[in-house]
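**Student:**
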Amino acid sequence: MNKTKTAHFTILFLIILFLFTTSDFSQSQHKSYNKLAVVITANGNSIKVKGYVVYMKDGKEIKKEIEKDNAWGWNFLGDYIEEVHIRKITGDASYHLFVIENNNFLFESKAIKSNKPVVFKRR
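Here the numbering used here is used: the first residue of the sequence shown is 28, the next is one more, and so on.
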């Protein structure tokens, strides 16, 4: 594995570790929810993406808007992730989208360089 890929996976691992150790997961001790996460890693100078994630919690659909610069992640508790829709708005970086439930990778995009949307839909 080359240095770029090693750095990419190291960053991804650290983001996921941070998400699942510093999240609001401890706030919901009365009901057993799944740990849900959407993670984006960027490779390049700058990037801004915008989109949304739709997830189910207690049988209700929740839509959360996403808009961030560079690499980051979102985490939340719920039943499952229904859909993720992300699009690069500005920047020269490529990015990868990861959709994770209970530390299991449901989706990993290829490296995205274009402004075309990347969409995950649960089957």
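Ideal Cβ positions, reconstructed from N, Cα and C, are used throughout, including at glycine. Note that this is a predicted model, so its numbers are computed, not measured.
Assign F132 to buried or exposed, taking buried as 16 or more other Cβ atoms, counted over all protein chains shown, within 10 Å of its Cβ.
**Tutor:** Position 105 of the sequence shown, counted from the start, is the residue given in the question as residue 132. Exposed.
**Student:** Where N130 and K87 are concerned, what is the direct C-alpha to C-alpha distance, given to the nearest angstrom?
**Tutor:** By 1-based counting over the sequence shown, the position of residue 130 is 103. By 1-based counting over the sequence shown, the position of residue 87 is 60. Cα to Cα, the separation comes out at about 22 angstroms.
**Student:** In three-state terms, what does DSSP make of G118?
**Tutor:** By one-based count along the sequence shown, residue 118 stands at place 91. In this structure, G118 counts as strand in the three-state DSSP scheme.
**Student:** Just mark G71 as buried or exposed, buried being the case when its beta carbon has 16 or more other beta carbons within 10 Å.
**Tutor:** What you label residue 71 is simply residue 44 of the sequence shown in a count that begins at 1. Answer is exposed; the Cβ neighbour count stays below 16.
**Student:** DSSP state of K140, grouped into three classes?
**Tutor:** Your numbering for residue 140 matches position 113 in the sequence shown. It is coil, neither helix nor strand.
**Student:** For N102, which of helix, strand or coil comes out of DSSP?
**Tutor:** Residue mapping note: residue 102 aligns to position 75 of the sequence shown, counting from 1. The answer is strand: DSSP assigns N102 an E or B state.
**Student:** Pull up the DSSP beta-bridge partners for L63, would you.
**Tutor:** As a position in the sequence shown, residue 63 is number 36, starting the count at 1. According to DSSP, which records beta bridges pairwise, L63 is partnered with F103, E128.
**Student:** Hey, could you find the ends of the beta strand (DSSP E) D96 is sitting in?
**Tutor:** Here residue 96 is taken as the residue at index 69 of the sequence shown, counted from 1. Segment 87-96, the beta strand (DSSP E) holding D96.
**Student:** Looking only at its chain, what residues have a beta carbon closer than 7 angstroms to the beta carbon of E92, apart from the 5 residues adjacent to it on each side?
**Tutor:** Taking the sequence shown and counting its residues from 1, one reaches residue 92 at position 65. Same-chain partners within the cutoff: Y79.
**Student:** Exposed or buried, K115, counting other C-beta atoms within 10 Å across all chains shown (16 or more means buried)?
**Tutor:** In the sequence shown, residue 115 corresponds to position 88, counting from 1. Buried is the call here.
**Student:** Whole angstroms is fine: what's the gap from Y122's alpha carbon to R149's?
**Tutor:** Translated into positions along the sequence shown, residue 122 becomes position 95. Translated into positions along the sequence shown, residue 149 becomes position 122. Approximately 21 angstroms, taken between the alpha carbons.
**Student:** DSSP three-state call for G78: helix, strand or coil?
**Tutor:** Here residue 78 corresponds to residue number 51 of the sequence shown, with the count starting at 1. G78: strand per DSSP, three-state reduction.
**Student:** Would DSSP call N70 helix, strand or coil?
**Tutor:** Working through the sequence shown from its first residue, we reach residue 70 at position 43. Reduced to three states, the DSSP call for N70 is strand.
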